[in-house]
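Quick note: the sequence shown uses UniProt numbering, first residue 1, plus one each step.
No residue lacks a Cβ here, since even glycine has one placed at the ideal position from N, Cα and C.
Written out below as structure tokens is the structure these notes cover.
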Amino acid sequence: MQDVELAIAFGRNRSDTNWKNEYLSWGEMVQRLRSLRRTSETMVDYDKLSVPNKGKLKDGPAFVGGLVQGGRRKKENVESRCLYTLDVDHADSDFLFMVELVLGGYAYVIYSTHSHREDKPKYRIVIPADREMTPDEYAASSRKLAANISMRYFDKTTFDVHRLMYLPSCSIDAKPVFIESDGEPITVDSILSQYDDWTDPTSWERHPGEEAHRRTKAKMEDPKSKDGIIGAFCRHYSITGAIETFLSDAYEPTSVEDRYTFTGSSSHGGLVIYDDDTFAYSHHESDPISGREVNAFDLVRLHKFKDQDDNVGDRTNVVKLPSYQAMIDFAMKDSAVMREMVAEEFGDMEDLDEEQIDWMAKLERNKKNPKIILANARNVELILTNGVFAGTLAYDAFKNTEVVRSDLPWRRRERPEADYEPWLGADDRRLQHYIGKHYDIKSSDTIKNALTEVVHSNTFHPVKSYLEEQQWDGIERLGRLFIDYLGAEDTLYVREVTRKMFIAAIKRIYEPGCKFDQMLVLVGPQGVGKSSLLAKMGRQWFSDSLKTFDSKEAGEHLQGAWIIEIGELAAMKKAEVDEIKQFLSKESDRYRVAYDRMVSDFPRKCVFFGTTNNHNFLQDTTGNRRFWPVTVDPAKRKLNHFTHFTEELVGQVWAEALSLYKAGEALELDSEAYEAAKTMQERHMENDPREGLIAEYLSTPLPDDWDERDEWSRREYLKQPTGSVPRTRVCVAEVWVECLESPLKALKPWEARNLCDTIRRIPGWRDRQPEKSRFKLYGVQKAFEKVLP
């Protein structure tokens, strides 16, 4: 035989991942084939073994009759072949004769396999070629050689280009067969020329035991009818669509419809598409799907991810292959596939349109079972911002509450005319039921947390929105609001306190909790429209129902209120008025909201107006600075706010107030208005009918021996005073006993406080410092002193 260098890959066993290429002459290769490896078991023992155990026992040194790149024995790594290697599993008595008949004159070796028995002969044939063959040339010519001998003798998988052959081995008591034929290498081109067109894989010889694709496709389930990700992928992508989208570099179309050529192949048109573009079968030997009938999903899987299966056993279930999971992941990232899957899963849902399908396709799914929607925050947030919930859930930052803007799947809104209404406690439970039923997500914590995230991501402030929608026309109206519409006196004081109140209302929207402890009090008869004017200014954020100043209940009432009217001040007891004063001074309210775990601070976003029809509504002299009385008179009003004060004008007043706030106007009164406020506060003090009597008592000059006189003597003197010493100090007990002629033991604490207030109101008298002094007859008492000129 001529000296031909042969490139042959050798491995230590079938699992070797580092096959090594060697270059041998045919003679050197024959010598290796003569080397026999005997194993320790007998033939009888071997025959009793299971198929897997037989495989383990005979596993050993092996070769591939060609050049393997990269060390791994994979079909795509076989660069060329120089040896024909054929497995003979079904030899009979005529077999050796047929081989000699066809291969006479050519070099070849026949050796028996480990399973060879005299009554059931099994051989391997190794034939050198006259040149290197491409994988497709090998597939075509090896099949033709086998067919010339008789295809029925050979194993149906023996034509795989990456097929390994074990070097000779046998049991300890076996009689191996080794036949060598001298001759020339077989001429590859002479075999290929026996085809009309060997590059057409559909014309290649076929083993009768091969599962012909024409029969197989009739038995295969239509992938488009499958549930889940595979069905969705195959419904969206036909074979042609998958090639054009993902494998355009792997296949080229031919002039024949439904035929493609694998670009790494030396043959052409070997990929055949069947059954309305549903299945494909590749005859290209170097194609990753060679010899398989595949749907679109498996076509892409084997091309893109087959390498991941290198270290997995041949009998591993497909769904457990790394390539399968990788393809599932790949398909789940395809929005078109996920849209197809959604359309299948939720096709019975009402109003399932393209927009619905689009967002539902983005739901994250279990990679092992893509029909399962993951119970994570991202998915619940996606559900709560799309579909039936699109634009529905929000957070009212003014009222500090979750709201709904449209109907919910389980209930209609109670006030559809309103822009929104509160999310109810029952809605929490019904939301969990809805998501559990439709998406099989049942984690209450996940749903609650996602709901919180969604509503707060849609936070809005209705009062800010209203204010910023107004465009001021530049006409000043704010300071004259109570003058024009309620008949208040047109003074600097009235204009200034009106401005300050509404600027404060603006400031508490943009700076919640800012310091402002004033209350403008509208004083006037019933029916003038005090409350209704305030209600117009407060719009839907007006409240007149604050009846208690208990920290928690009152604080909760303030949420959602901007302009708050406290009515009937005159009817309140002094203790209640004192409570109001303390309440006004607070800048925030601290309490625990129902169903919340923690106490929270709520900075105030409101201002307070008072209304009364009693002119003398202030009951003591302390803390009155907080009240700005404004007297109104319906006879003096210029405009009727019931008819004239339109929504547009309300907006103009607020726009002016916003402009003044932005300009930085302070909330404190200037000196002139401050003094006027003090005068107004004094004017509206509750009168004590005894005040004149007490004032006269305090102004009466005393005799030199006043301190030496007893109670009776002092009373007698006051009936006809003749002294000349001015009184410089006094206590309540003196006034009660001497002026009012009442027994000291009858003086109640509340009466004492009232007398203190009365003394303070009398011009020229004030609290003495230090506060207490010793008085003859009365001991140590709180003292008042005359202000000296």
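Cβ shell of L164 (< 8 Å), same chain only, five flanking positions each side left out: Around L164: G11, R14, A62, F63, V64 and R73.
With the cut-off set at 7 Å, would you say E364 and A450 are in Cβ contact? No, they are not a contact pair.
For W628, count neighbouring Cβ atoms within 10 angstroms of its own Cβ and tell me buried if that reaches 16, exposed if not. W628 counts as buried, since no fewer than 16 other beta carbons sit within 10 angstroms of its beta carbon.
C-alpha distance - T216 paired with R292, whole-angstrom precision: For T216, the pLDDT reaches just 46, beneath the cut-off of 50, and the residue's location in the model is therefore unreliable, leaving the point undetermined.
Between I769 and K782, what straight-line distance do the alpha-carbon atoms span, to the nearest angstrom? With the sequence shown as reference, residue 769 is identified as Gln, and Ile is not the correct amino acid for it. In a straight line, the C-alpha of Q769 is about 10 Å away from that of K782.
Would you please state the rounded distance, in angstroms, between the beta carbons of D407 and R413? I believe it to be under 8 Å. In this structure D407 touches R413 by the C-beta definition: roughly 6 Å separates them, less than 8 Å.
With a 10 Å radius around its C-beta and 16 neighbouring C-beta atoms as the bar for buried, classify A9 as buried or exposed. Flag for A9 reads buried.
My output table needs one value for R14: the three-state DSSP class, helix, strand or coil. R14 sits in coil when the DSSP states are folded into three classes, being neither helix nor strand.
Quick check: L522 and V632, are their CB atoms within less than 7 Å of each other? Yes.
What three-state label does DSSP hand P789 in the structure shown? Judged by DSSP in its simplified three-state form, P789 adopts coil rather than helix or strand.
N-terminal and C-terminal residue of the alpha helix (DSSP H) that L486 is part of: Where L486 is concerned, the enclosing alpha helix (DSSP H) stretches over L481 to L486.
Quick one, which of E41, A296, H438 and E132 has its alpha-carbon nearest L374's? The shortest Cα separation from L374 among E41, A296, H438 and E132 belongs to H438.
How would you write the range of the beta strand (DSSP E) that Y439 sits in, first residue to last? Looking at the DSSP string, Y439 is not in any beta strand (DSSP E); the run it does join, the alpha helix (DSSP H), is G425 to Y439.
Measuring only the C-alpha atoms, how far is G779 from N400? G779 and N400: Cα-Cα distance of roughly 57 Å.
Can you grab the Cα-Cα spacing for the pair K776 / F617, in whole Å? Their Cα atoms are separated by approximately 37 Å.
When you compare the CB positions of G70 and N77, do they come within less than 7 Å of one another, or not? Less than 7 Å divides the Cβ of G70 from the Cβ of N77.
Contiguous alpha helix (DSSP H) assignments of at least 4 residues, all confined to the stretch 74 to 110: Complete alpha helix (DSSP H) runs here, min 4: 95 to 103.
Taking the C-alpha atoms as reference points, what is the distance between R259 and A140? Approximately 18 Å between the Cα atoms of the pair.
Can you list, in chain order, the residues of its chain whose CB lies under 8 Å from that of Q470, leaving out five sequence neighbours each side? Within the same chain, Q470 has close Cβ partners G651, Q652, W654, A655 and L658.
What does the alpha-carbon distance come out to for the pair L740 and S585? A straight-line Cα-Cα distance of about 37 Å links L740 and S585.
Starting from E691, trace the alpha helix (DSSP H) both ways and give me its first and last residue. It spans E691 to S699 - the alpha helix (DSSP H) in which E691 sits, taken as one unbroken run.
Which of the three DSSP states, helix, strand or coil, is assigned to S50? In the structure shown, S50 sits in coil (DSSP, three-state: anything other than H, G, I, E or B).
Could you give the distance in angstroms between the alpha-carbon of G692 and the alpha-carbon of G764? Separation of G692 and G764 (C-alpha to C-alpha, rounded to the nearest whole angstrom) is 14 Å.
In the DSSP assignment, find the beta strand (DSSP E) that holds V630 and state where it starts and stops. Segment F627 to T631, the beta strand (DSSP E) holding V630.
Name the DSSP beta bridge partners of L408, please? Here L408 is bridged, per DSSP, to R411.
For V68 and M133, which I take to be in contact (beta-carbon distance under 8 Å), what is that distance rounded to the nearest angstrom? Not a contact, Cβ separation roughly 14 Å.
Under the DSSP definition of a beta bridge, which residues are partnered with residue 800? Outside the shown range of the chain, which is 1 to 789, sits residue 800, and nothing can be said about it.
What are the start and end residues of each continuous alpha helix (DSSP H) run of 4 or more residues lying completely inside the stretch 229 to 300, in chain order? For the stretch 229 to 300, the full-length alpha helix (DSSP H) segments reaching 4 residues or more read 239 to 246 along the chain.
With Y510 as the anchor, note down where its beta strand (DSSP E) starts and where it stops. No beta strand (DSSP E) contains Y510, which is instead part of the alpha helix (DSSP H) from L492 to Y510.
Reference D704, options P721, D670 and V463, closest by Cα: Comparing Cα-Cα distances from D704 to each of P721, D670 and V463, the minimum goes to P721.
Which first and last residues belong to the beta strand (DSSP E) in which N21 is found? Here the beta strand (DSSP E) through N21 covers K20 to L24.
Under 8 Å by Cβ, that's how I've got A107 and G183 pegged, so tell me the actual separation to the nearest angstrom. The C-beta distance from A107 to G183 rounds to 4 Å, short enough to fall under 8 Å.
For K636, I'd like the list of residues in its chain whose CB is within less than 7 Å of its CB, leaving aside the five on either flank, ordered along the chain. Contacts found: G487.
Evaluate Q356 with the Cβ neighbour count: other Cβ atoms within 10 Å of its Cβ, from every protein chain shown; 16 or more gives buried, anything less gives exposed. Result: buried.
Quick one: residues in its chain with C-beta nearer than 8 Å to the C-beta of S171, no 5 flanking neighbours on either side, listed in chain order? Cβ within range, chain order: R38, T39, E41, T42, M43, D45, Y46 and H114.
Would DSSP call residue 829 helix, strand or coil? With the chain represented from 1 up to 789, any question about residue 829 goes unanswered, as that position is not in the structure.
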